[in-house]
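**Q** This structure is in structure tokens; I'll ask about it shortly.
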Amino acid sequence: MLTLPKTEIPIQKIKSGDVEIFLKREDLIHPDISGNKYWKLFYNVNHYLNQKVEKPFIITFGGAFSNHIATVAAFGKIFSIPTMGIIRGEELEARFLENITLRKAHENGMSFRFVSRTDYRDKGAITEKLRKEFPEALIVPEGGSNPQAVEGVKFMLTEHTKDFDYLCTAVGTGGSIAGISKYAEGNQKVIGFTVVRDVSLEQRIRELSTKNNFSLIEADYGGYGKISDEIVRFINDFWKQYNIPLDPVYTGKMMMRLFQLVEEGFFPAGSRILAFHTGGLQGIEGANQLLRNKNRNTIEIRL
Ligand SMILES: *Cc1c(COP(=O)(O)O)cnc(C)c1O
Numbered sequence: 001m002l003t004l005p006k007t008e009i010p011i012q013k014i015k016s017g018d019v020e021i022f023l024k025r026e027d028l029i030h031p032d033i034s035g036n037k038y039w040k041l042f043y044n045v046n047h048y049l050n051q052k053v054e055k056p057f058i059i060t061f062g063g064a065f066s067n068h069i070a071t072v073a074a075f076g077k078i079f080s081i082p083t084m085g086i087i088r089g090e091e092l093e094a095r096f097l098e099n100i101t102l103r104k105a106h107e108n109g110m111s112f113r114f115v116s117r118t119d120y121r122d123k124g125a126i127t128e129k130l131r132k133e134f135p136e137a138l139i140v141p142e143g144g145s146n147p148q149a150v151e152g153v154k155f156m157l158t159e160h161t162k163d164f165d166y167l168c169t170a171v172g173t174g175g176s177i178a179g180i181s182k183y184a185e186g187n188q189k190v191i192g193f194t195v196v197r198d199v200s201l202e203q204r205i206r207e208l209s210t211k212n213n214f215s216l217i218e219a220d221y222g223g224y225g226k227i228s229d230e231i232v233r234f235i236n237d238f239w240k241q242y243n244i245p246l247d248p249v250y251t252g253k254m255m256m257r258l259f260q261l262v263e264e265g266f267f268p269a270g271s272r273i274l275a276f277h278t279g280g281l282q283g284i285e286g287a288n289q290l291l292r293n294k295n296r297n298t299i300e301i302r303l
């Protein structure tokens, strides 16, 4: 079972002045099941384990560098529950041990099925087949975004998040921003920094959130998982200045775009902004492996 943290998740001040920026360190919840993934799994796995199925088994979906795959595998290891990852990309099967995320997930006991990118798009069909094959299994959607995930995200909001004007988060599949939007105070504006181009995203968030208090701003900087030299530099500078690690896929892009917006005068003077550090730090090692192979500058963070 996942439990509520015993201590408050820290909120750290990053920037003073006309506009103040704070960062809530959701990445500190747990060393291996961290950030928003902890909260998105919270009700999903707890409801499932409460049903006391005889042989629990958790199946989920993801790409080669997926934080969600990493956290589900870690969860399985910690709670001794077998897990399986449906992985996008058949070509990975032969050499998945070279991929740090998949290798660690494998070491944590996760089994894999690799599917072609075309088949992967039809997750409904895959899910239906899996349900027949494993009737007792918990099947968690890609990124863990479903209504139970949205409910879990309410724990990211506390007494201490109420007196901020803006709540910011990085957006992938949209479950996290949906939860923040749903449980924000009436006067709070929610901004999602999208790292993937997906025209159906806004509609999906609206359905999960049921509220209209959010807006989306692009922060993809060349595409999902693309790591520019600019992002690497920003993350390294941020680490030097604040001693806070950011990941290159989500939180680094969010903070870089957020700083740009402040520079551009997007926020009225006096605004108090809270950004959620949603974790994802397991991705740094894999990113550095790719960068090293291309002789590019790496992320200089040792965790
Ligand atoms: C998965 C993830 C997100 C995106 O969350 P969604 O609920 O899929 O939008 C943001 N940040 C990090 C670090 C993540 O791992």
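Position 21 of the sequence shown, counted from 1, bears residue number 21 in UniProt numbering, the numbering being contiguous throughout.
Ideal Cβ positions, reconstructed from N, Cα and C, are used throughout, including at glycine.
Treat the numbers as computed from the prediction; the structure is a model and nothing was measured.
1. If you draw a straight line from the alpha carbon of residue 32 to that of residue 303, how long is it in whole angstroms?
2. Quick one: which unbroken beta strand (DSSP E) runs of 3-plus residues sit fully inside the stretch 62-110? Chain order, please.
3. What is the DSSP secondary structure of residue 173, counted as helix, strand or coil?
4. For residue 46 and residue 223, I'd like the C-alpha separation in whole angstroms.
5. Taking just the CA atoms, how far does residue 202 sit from residue 176?
6. With a threshold of 16 other CB atoms inside 10 Å of the CB of residue 230, please say whether the residue is buried or exposed.
7. According to DSSP, what are the bridge partners of residue 215?
8. Is it buried or exposed, residue 162, if we count other Cβ atoms within 10 angstroms and call 16 or more buried?
9. Would you mind sorting residue 209 into buried or exposed? The rule is 16 or more other CB atoms within 10 Å of its CB.
10. Can you give me the Cβ contacts of residue 219 inside the same chain, cut-off strictly under 8 angstroms, excluding the 5 residues immediately before and after it?
11. Short of 7 angstroms in beta carbon distance, which residues of its chain neighbour residue 70, apart from the five on each side in sequence? Order them along the chain.
12. Please report the straight-line C-alpha distance between residue 261 and residue 268, rounded to a whole angstrom.
13. Take residue 74 and list the residues in its own chain whose beta-carbon comes closer than 6 angstroms to its own, dropping the five residues that flank it on each side.
14. Is residue 17 near ligand 1, in the sense that its beta carbon is under 7 angstroms from a heavy atom of that ligand?
15. Check the DSSP bridge columns for residue 150 and list the partner residues they point to.
16. Examine ligand 1 and report whether any of its heavy atoms sits within less than 7 angstroms of the Cβ of residue 199.
17. Ligand 1 and residue 87: does the residue's C-beta get closer than 7 angstroms to at least one heavy atom of that ligand?
18. Consider the C-beta atom of residue 190 and the heavy atoms of ligand 1; say whether any pair is separated by less than 7 angstroms.
19. Tell me residue 140's beta-bridge partners as DSSP assigns them.
20. With 16 other CB atoms within 10 Å as the buried threshold, where does residue 78 fall?
21. If residue 89 and residue 121 are in contact, beta carbons under 8 angstroms, what's the gap, nearest whole angstrom?
22. With a cut-off of 8 angstroms on the beta carbons, I'd call residue 40 and residue 144 a contact; round off their distance for me.
23. Note down, one range per segment and in chain order, each beta strand (DSSP E) of at least 3 residues found wholly within the stretch 200-247.
24. With distances taken Cα to Cα, identify the nearest neighbour of residue 271 among 16, 294, 59, 165.
25. Could you name the residues of the same chain whose beta carbon sits closer than 7 angstroms to that of residue 228, not counting the 5 residues immediately before and after it, in chain order?
26. Is residue 12 helix, strand or coil when you go by DSSP?
27. Which of the three DSSP states, helix, strand or coil, is assigned to residue 19?
28. Taking the alpha carbon of residue 85 as the reference point, which residue from 111, 76, 98, 29 has its own alpha carbon closest?
29. With burial defined as no fewer than 16 other Cβ atoms inside 10 Å of the residue's Cβ, what is the status of residue 199: buried or exposed?
**A** Looking at the coordinates:
1. By one-based count along the sequence shown, residue 32 stands at place 32. By one-based count along the sequence shown, residue 303 stands at place 303. Each residue's alpha carbon lies about 12 angstroms from the other.
2. Listed in chain order, they are 83-88.
3. Reading the sequence shown from its first residue, position 173 is the one you call residue 173. For residue 173, the secondary structure class from DSSP, reduced to helix, strand or coil, is coil.
4. As a working mapping, residue 46 is identified with position 46 in the sequence shown. As a working mapping, residue 223 is identified with position 223 in the sequence shown. In a straight line, the C-alpha of residue 46 is about 34 angstroms away from that of residue 223.
5. To locate residue 176, count along the sequence shown from 1; it is residue 176. To locate residue 202, count along the sequence shown from 1; it is residue 202. Each residue's Cα considered, the two are about 13 angstroms apart.
6. As a working mapping, residue 230 is identified with position 230 in the sequence shown. Answer is exposed; the Cβ neighbour count stays below 16.
7. Residue numbering aside, residue 215 sits at position 215 when the sequence shown is read from its first letter. Bridge partners of residue 215: 191.
8. In the sequence shown, counting from the first residue as 1, residue 162 sits at position 162. Exposed is the call here.
9. For this step, residue 209 is matched to residue 209 along the sequence shown. Burial check for residue 209: the Cβ neighbour count within 10 Å reaches 16 or more, so the residue is buried.
10. The sequence position of residue 219 within the sequence shown is 219, counting from 1. Excluding positions up to five away in sequence, the list reads 170, 193, 194, 195, 253, 254, 256, 257.
11. Mapped onto the sequence shown, residue 70 falls at position 70. In chain order, 101, 104, 105, 282 place their CB closer than 7 angstroms to the CB of residue 70, counting only its own chain and leaving out the 5 sequence neighbours on each side.
12. Residue numbering aside, residue 261 sits at position 261 when the sequence shown is read from its first letter. Residue numbering aside, residue 268 sits at position 268 when the sequence shown is read from its first letter. Distance between the alpha carbons of residue 261 and residue 268 is about 11 angstroms.
13. Position 74 of the sequence shown, counted from the start, is the residue given in the question as residue 74. For residue 74, same chain residues with a beta-carbon under 6 angstroms away, outside a window of 5 residues either side, are 32, 33, 108 in chain order.
14. Here residue 17 refers to the residue found at position 17 of the sequence shown. For ligand 1, not one heavy atom lies less than 7 angstroms from the Cβ of residue 17.
15. For the purposes of this step, residue 150 is taken as residue 150 along the sequence shown, with counting starting at 1. Residue pairing for residue 150: DSSP places it in no beta bridge.
16. Along the sequence shown, read from residue 1 onward, the residue named residue 199 stands at position 199. For residue 199, the Cβ stays outside the 7 angstroms cut-off from all heavy atoms of ligand 1.
17. Numbered from 1 along the sequence shown, position 87 holds the residue referred to as residue 87. Not so, every heavy atom of ligand 1 lies at least 7 angstroms from the Cβ.
18. The count along the sequence shown starts at 1 and reaches residue 190 at position 190. Taking 7 angstroms as the cut-off, one finds no heavy atom of ligand 1 near enough to the beta carbon of residue 190.
19. As a first step, residue 140 must be located in the sequence shown, where it is residue number 140. According to DSSP, residue 140 bridges with 60.
20. Position 78 of the sequence shown, counted from the start, is the residue given in the question as residue 78. Taking every protein chain shown into account, the CB of residue 78 has fewer than 16 other CB atoms within 10 angstroms, so this residue is exposed.
21. What you label residue 89 is simply residue 89 of the sequence shown in a count that begins at 1. What you label residue 121 is simply residue 121 of the sequence shown in a count that begins at 1. Their Cβ separation, rounded to whole angstroms, is 12 angstroms, which puts residue 89 and residue 121 out of contact at 8 angstroms.
22. As a position in the sequence shown, residue 40 is number 40, starting the count at 1. As a position in the sequence shown, residue 144 is number 144, starting the count at 1. Their Cβ separation, rounded to whole angstroms, is 4 angstroms, which keeps residue 40 and residue 144 in contact under 8 angstroms.
23. Counting only runs of 3 or more, we get 214-218.
24. In the sequence shown, the residue the question calls residue 271 occupies position 271. Comparing alpha carbon positions, the residue from 16, 294, 59, 165 closest to residue 271 is 165.
25. Within the sequence shown, residue 228 is the residue found at index 228, counting from 1. Excluding residues within five positions, the ones whose Cβ falls inside 7 angstroms are 221, 222.
26. For this step, residue 12 is matched to residue 12 along the sequence shown. Note: residue 12 maps to strand in three-state DSSP.
27. Counting from one through the sequence shown, the residue named residue 19 turns up at place 19. Residue 19 carries a coil assignment under DSSP once its states are collapsed to helix, strand and coil.
28. In the sequence shown, the residue the question calls residue 85 occupies position 85. Measuring from the Cα of residue 85, the nearest candidate turns out to be 111.
29. Within the sequence shown, residue 199 is the residue found at index 199, counting from 1. Exposed, because fewer than 16 other Cβ atoms sit within 10 Å of the Cβ of residue 199.
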